[in-house]
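Whatever position you read off the first sequence (first residue = 1), add 1434 for the working numbering. Okay, structure first, notes after.
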Amino acid sequence: MGAIQLIRGTRDILPEEAYYWQQVEAVARQILNRAVYQEIRPPIFEQTALFERGIGEATDVVSKEMYTFRDLGDRSITLRPEGTAGVVRAFIEHNLHTQGVKRLWYGGSMFRYERPQAGRQRQFHQIGVELIGSADPRADVEVIAIATDILQTLGLKSLRLDLNSVGNPEERQRYREALVSYLTPYAQELDQDSQERLHRNPIRILDSKDKRTQEITQNAPTILDHLGSESQAHFEKVQQRLTDLGIDYQINPYLVRGLDYYTHTAFEIQSDDLGAQATVCGGGRYDGLVAQLGGPDTPAVGWAIGMERLILLLQKLQAAPTPSPDFYVVSRGDRAEAQALLLAQKLRQSEMKVELDLSGSAFTKQFKRADRSGAVACLVLGDAEAENHTVQLKWMASQQQRTIPQAELLSMTEELRDQIDLLVGPS
RNA sequence: GCGAGCGUAGCCAAGGGGUUAAGGCAGUGGAUUGUGGUUCCACCAUUCGCGGGUUCGAUUCCCGCCGUUCGCCCCA
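Shown next as structure tokens:
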């Protein structure tokens, strides 16, 4: 068939699902507002070099997952694979560091060329925060607390917060060497992937799912043993403050994040209900990134929530309500139809929810649809009503019906509102 | 990028080398041309993801492609 279909790894968010998106956006907005985070909207595409420099050329994201192309001016353009790099670029470009500590949030589409899977798409959406300009451990805790607040307010339970410190670059380098020398004698026993990672990215071996590899790494040195006293103090403070706030976490020394810019605190919030793509929220501190991208040396911490994954969880928790109008307007005959349209418009302007039947079919059919729409009441206009400028108001549940002048109906919207709220509750 | 499973209507599906491709839900029309939720009737896939092959004949068997699901990898 000739119909054009959507591109692999993309999805249409249909009205039923859009309900959940709006719910998440509303909750997130509210909680971010209270913490006085401001929205920032960088472009969806940037110079390729931004991501290469920011995320790291050797990372999977940059080396094989970017949507990169040349535009007509022969510039290398990349659709953003994550949000932090663009936000930091904007932070530097507009000298936002002159404004002290900046608390920013963003939302929108990200693009990665990956094999689609449940909870993993090529175009996906994130909401993220960046707290730029503070090295205080309380900053780490603040952003984590915002994330857990959002998730909790949405009703999500049984999520795990995994916490680790990846130290500073020097500590990580020392650790890397220690790990390689520990693993090298076992090289032949490691699984295929891990053998390849031994020199390219040994830290990743720690979260291998291979059984034998896991046995070997059981006794491997951990990053936590290689932290200097400052890093250690920072990490301990973060833990202490999390505990103060009553936020449960578990230390996971194997937690490694895939983007190069992370320093010190790294964390993930995971769910058991998502299969292989368990991470709903991931983030951490990135003290080197602002300088790395040409700005003043500025510490920062942030996270991103995966909207699709979050919504998968939400959908398991609660069904989306179907929207139903206050009034369903039934009409037949030219004059009546014209008056019905006008009446509907006026009622909407008085903040009533009104659905107008456009079919022109028999009243029986229109009432059938009115019933299915879940309307609280029907407004009926036929030839007789059109003639007298009246309308029949029929309450669906009680089947009580009376004839009212249209002008009167419009002047009693307050009472109608009260009555509807009484019947079905405020919407 | 690799491995495995799946692909019959808007949704859930039965079927199986030979022409009528079950059924249910939803939808549309009617019984009921001015009044709903029940009921009854009718309609609703010239076609079984797409392309090619085998065959007298394929939706059914084979191959390729596409999509999707699960896992690996990676991450949100």
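Ideal Cβ positions, reconstructed from N, Cα and C, are used throughout, including at glycine.
Residue i classed as buried or exposed, judged by whether at least 16 other C-beta atoms fall within 10 angstroms
i: D1791; result: buried
i: T1582; result: buried
i: G1520; result: buried
i: E1771; result: buried
i: F1485; result: buried
i: F1503; result: exposed
i: H1660; result: buried
i: S1665; result: buried
i: N1467; result: exposed
i: P1860; result: exposed
i: E1821; result: exposed
i: T1647; result: buried
i: G1680; result: exposed
i: S1628; result: buried
i: I1478; result: exposed
i: R1509; result: exposed
Alpha carbon of residue i to alpha carbon of residue j, nearest angstrom
i: P1655; j: L1588; result: 39 Å
i: L1513; j: M1786; result: 42 Å
i: H1698; j: Y1683; result: 16 Å
i: A1796; j: T1824; result: 20 Å
i: A1710; j: V1563; result: 25 Å
i: L1781; j: L1844; result: 7 Å
i: F1452; j: E1623; result: The question names Phe, yet the displayed sequence has Ala at residue 1452. Their backbone Cα atoms lie some 49 Å apart in a straight line.
i: V1763; j: L1813; result: 5 Å
i: M1435; j: I1441; result: Annotation note: pLDDT 40 at M1435 (below 50); position unreliable, coordinate value reported separately. Cα to Cα, the separation comes out at about 16 Å.
i: A1579; j: Q1773; result: 54 Å
i: S1376; j: Q1752; result: Since the first residue shown for the chain is 1435 and the last is 1861, residue 1376 is missing from the structure and cannot be characterised.
i: R1594; j: G1507; result: 47 Å
i: A1778; j: D1855; result: 19 Å
i: A1754; j: Y1454; result: 7 Å
i: I1566; j: V1535; result: 6 Å
i: Q1472; j: F1525; result: 13 Å
i: D1760; j: P1449; result: 19 Å
Residue of the options minimising C-alpha distance to residue i
i: D1494; options: I1474, P1515, A1483; result: P1515
i: G1443; options: D1625, Y1501, K1645; result: Y1501
i: T1756; options: K1828, Q1674, Q1472, G1808; result: G1808
i: S1705; options: T1699, P1603, G1716, Y1696; result: G1716
i: V1496; options: L1506, G1507, I1511, I1685; result: I1511
i: R1766; options: D1644, R1504, S1793, D1694; result: S1793
i: T1798; options: E1630, G1816, R1549; result: G1816
i: I1561; options: V1575, G1517, Q1652, F1525; result: G1517
i: I1474; options: D1768, L1693, G1542, L1448; result: G1542
i: D1625; options: E1742, N1602, T1651; result: T1651
i: D1570; options: T1713, I1639, Q1826, F1669; result: F1669
i: D1805; options: S1784, M1830, R1606; result: M1830
i: L1776; options: A1811, A1841, L1689; result: A1841
i: N1598; options: I1566, Y1620, L1640; result: L1640
i: P1476; options: E1527, A1469, Q1439, E1848; result: E1527
i: Y1695; options: R1719, Y1620, L1689; result: R1719
i: R1445; options: D1505, G1729, R1554; result: R1554
i: E1605; options: L1632, A1621, S1663, A1552; result: S1663
According to DSSP, residues forming a beta bridge with residue i
i: D1536; result: According to the sequence provided, residue 1536 is Lys. The question's Asp does not apply to it. Answer is I1566, bridged to K1536.
i: L1544; result: Before going further, note that residue 1544 is Met rather than Leu in the sequence given. Its beta-bridge partners are F1558.
i: R1806; result: Per DSSP, none; premise fails for R1806.
i: V1735; result: L1565, R1719
i: L1597; result: I1685, F1701
i: S1663; result: None, per the DSSP bridge assignment.
i: P1839; result: T1824
i: I1578; result: DSSP, once it has assigned bridges, lists no residue as partnering I1578.
i: G1740; result: Q1560
i: Q1481; result: I1511
i: Q1472; result: L1538
Assumed close pair residue i, residue j - CB separation to whole angstroms, cut-off 8 Å
i: V1410; j: P1636; result: Here the chain has residues from 1435 to 1861 only, and residue 1410 is not among them.
i: L1747; j: L1590; result: 6 Å
i: Y1609; j: I1657; result: 5 Å
i: L1723; j: A1734; result: 7 Å
i: R1537; j: R1546; result: Rounded, the Cβ-Cβ distance is 27 Å, inconsistent with contact.
i: R1523; j: L1727; result: 6 Å
i: H1559; j: E1742; result: 6 Å
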